[in-house]
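Heads up, the sequence shown is in our numbering, so the first residue is 2 and it goes up one at a time. Backbone N, C-alpha and C fix where the C-beta goes; we use that ideal spot for every residue, glycine too. Please read these numbers as outputs of a predicted model, since none were measured by experiment. Read through the structure below, which is laid out as structure tokens, and then see the notes.
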Amino acid sequence: MTESGVTWEQPPQKVRRRPLLVRFAFFVVSLAVLLVLPFAVLVRVSAFLYIEHNAQTWLALAGGVVATALVLTLYSAVVSKKLTGKARVRVLSKRVAFPLVLAYCVYTLLYLSSVNAKSIEVREYYRSLHPMLRITVSTMILVDRDIVITDAHRSPEDYAAMGLPPQRESLHYRQDDGFVHAMDLRTVGRPEWRNSVVQLYFRIAGFETLRHVGTADHLHVALPVK
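Laid out in structure tokens, this is it:
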């Protein structure tokens with residue numbers, strides 16, 4: 002600005018920056034959301050298609066796989082764009098996203114660590130659980146390594162052996178689709194807040210949950226039968 006031949010320069014304005022701690026917290030939260038999102042999409046979309054839209058089991062799971070692969074393709078495209086200047090969506094989808102999601106699904110459907118099963122029998126019956134239950138509990142195990150499945154498949158004789166009245170219709174029985182639709186998770190010896198988080202996780206995913214005492218305190222998780 003000029004006044005009477007004299008030039009006045011305005012002092013530079015200071016850019017207000019967030020405190021370092023706030024920026025770090027924002028980075029951590031954003032990173033956590035990005036890491037969790039693909040797993041959340043896989044679990045929620047699959048369960049939503051199966052429960053709300055009555056999709057067949059494997060069709061619902063396929064829908065979850067496609068949705069998750071799209072999320073991973075977007076991630077890969079953004080990284081590729083920054084590193085190479087190109088976002089090869091089709092190539093990244095075929096060579097990165099879908100193979101990763103399919104490999105994860107196969108792993109969770111077929112394998113359960115002995116650490117996460119109360120007994121050898123429970124581990125042997127793991128594959129009799131409905132695929133939605135297997136994928137959902139395996140995904141939670143990634144976060145909570147101490148989760149233990151205490152029971153899954155049962156027969157009417159099992160209730161008598163436990164001193165419980167016989168159940169005519171139990172989701173622990175093998176259903177018409179060939180799968181068991183219920184499992185029990187250990188709650189004893191675990192912090193109550195962790196049990197509550199696990200229960201909330203399954204409820205958000207669309208499953209039925211019930212905290213009750215039968216032979217022992219446990220969390221009952223069930224997938225409704227269509």
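Select from the options the residue whose C-alpha is nearest the C-alpha of residue i.
{"i": "Leu-43", "options": "Val-67, Ile-52, Val-29, Leu-60", "result": "Val-67"}
{"i": "Ala-98", "options": "Pro-39, Asp-178, Ala-217", "result": "Pro-39"}
{"i": "Val-144", "options": "Val-37, Ile-205, Phe-49", "result": "Val-37"}
{"i": "Leu-130", "options": "Thr-109, Val-116, Lys-95", "result": "Thr-109"}
{"i": "Leu-113", "options": "Val-79, Leu-103, Ser-139, Lys-82", "result": "Ser-139"}
{"i": "Lys-227", "options": "Ala-162, Glu-122, Ala-33, Ala-56", "result": "Ala-56"}
{"i": "Val-189", "options": "Gln-168, Arg-204, Arg-212, Phe-203", "result": "Arg-212"}
{"i": "Ala-61", "options": "Ala-104, Ala-26, Ala-162, Leu-134", "result": "Leu-134"}
If you draw a straight line from the alpha carbon of residue i to that of residue j, how long is it in whole angstroms?
{"i": "Pro-192", "j": "Ile-142", "result": "16 Å"}
{"i": "Val-149", "j": "Trp-194", "result": "16 Å"}
{"i": "Gly-207", "j": "Thr-137", "result": "10 Å"}
{"i": "Val-46", "j": "Asp-177", "result": "23 Å"}
{"i": "Thr-85", "j": "Leu-35", "result": "21 Å"}
{"i": "Gly-64", "j": "Ala-217", "result": "37 Å"}
{"i": "Lys-119", "j": "Phe-180", "result": "20 Å"}
{"i": "Glu-122", "j": "Leu-201", "result": "27 Å"}
{"i": "Tyr-105", "j": "Leu-71", "result": "15 Å"}
{"i": "Ser-31", "j": "Glu-158", "result": "50 Å"}
{"i": "Val-23", "j": "Pro-100", "result": "37 Å"}
{"i": "Ser-197", "j": "Phe-203", "result": "10 Å"}
{"i": "Ala-162", "j": "Ser-115", "result": "24 Å"}
{"i": "Ala-33", "j": "Val-107", "result": "24 Å"}
{"i": "His-54", "j": "Gln-168", "result": "29 Å"}
{"i": "Ser-205", "j": "Ala-41", "result": "The sequence shown places Ile at residue 205, rather than the Ser named in the question. Taking the straight line joining both Cα atoms gives about 10 Å."}
{"i": "Arg-29", "j": "Arg-124", "result": "Here residue 29 is Val; the residue named in the question, Arg, does not match the sequence. Looking at the two C-alpha atoms, the distance is approximately 36 Å."}
Can you list, in chain order, the residues of its chain with a C-beta nearer than 7 Å to that of residue i? Leave out the 5 residues immediately preceding and following it.
{"i": "Leu-21", "result": "none"}
{"i": "Pro-225", "result": "Ile-52, Glu-209"}
{"i": "Phe-49", "result": "Gly-207"}
{"i": "Asn-117", "result": "Ile-142, Ile-148, Val-149, Ile-150"}
{"i": "Arg-155", "result": "Ser-171, His-173, Tyr-174"}
{"i": "Val-79", "result": "none"}
{"i": "Phe-25", "result": "none"}
{"i": "Lys-83", "result": "none"}
Using C-beta distances below 8 Å, list every residue in its chain close to residue i, excluding the 5 sequence neighbours before and after it, in chain order.
{"i": "Leu-111", "result": "Arg-128"}
{"i": "Pro-166", "result": "Tyr-160"}
{"i": "Leu-74", "result": "Checking the sequence shown, residue 74 turns out to be Thr, not Leu. Only Val-90, Leu-93, Ser-94, Val-97, Ala-98 meet the Cβ criterion."}
{"i": "Val-199", "result": "Met-141, Asp-145, Ile-148, Leu-186, Leu-220"}
{"i": "Ser-81", "result": "Lys-87, Ala-88, Arg-89, Leu-93"}
{"i": "Leu-103", "result": "Val-66"}
{"i": "Tyr-126", "result": "Ala-153, His-154, Val-181"}
So, for residue i: in the same chain, excluding its five sequence neighbours on each side, which residues have a beta-carbon less than 6 Å away from its beta-carbon?
{"i": "Asp-185", "result": "Thr-151, Asp-152, His-219, His-221"}
{"i": "Ala-183", "result": "Leu-172, His-173, Ala-223"}
{"i": "Ser-77", "result": "Leu-93, Val-97"}
If residue i and residue j are in contact, beta carbons under 8 Å, what's the gap, nearest whole angstrom?
{"i": "Pro-132", "j": "Thr-58", "result": "6 Å"}
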